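For reference, the structure discussed in these notes is given below.
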């Protein structure tokens, strides 16, 4: 994905995304789409987080889509989960969707 496409998507979703972030992600040979799949839902859910720390974690091999899911699920469930805690849990291999599944009885739509 090129910068103009990424910028267009971010403008539509009202998500901030800078050229320097794009350049750093590409420089580290990381997927821009995965990054956007993490930050756009966080923005839509109005989750407050440290963007620099999240980006750094992603650039060093972290699963930020999992982190994003965890922070959003925790917010919806009114559970306090900081980015630092989410990163530590991700490093331990915890998949947040599975971790919270039993607690919130997340079920597939029956439609």
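Numbering (my numbering), first residue to last: 4 to 114. Backbone N, C-alpha and C define an ideal beta-carbon position, used for all residues, glycine too. Remember, predicted model here, so these are calculated numbers, not experimental data.
- With fewer than 16 other CB atoms across the displayed protein chains lying within 10 angstroms of its CB, residue 34 is exposed.
- Taking the C-beta atoms as reference points, residue 67 is found no nearer than 7 angstroms to residue 89.
- Shortest Cα-Cα distance from residue 27 to any of 106, 78 and 58 involves 58.
- The beta-carbon distance between residue 83 and residue 47, rounded to whole angstroms, is 20 angstroms. This is too long to meet the 8 angstroms contact definition.
- The residues 45, 74 and 86, in chain order, have a CB closer than 7 angstroms to that of residue 52 in the same chain once the five nearest residues on each side in sequence are set aside.
- Minimum Cα-Cα distance from residue 21 among the listed residues 39, 32 and 31 corresponds to 39.
- Residue 24 has its alpha-carbon roughly 16 angstroms from the corresponding atom of residue 65.
- For residue 37, the closest of 61, 31, 30 and 18 by C-alpha to C-alpha distance is 61.
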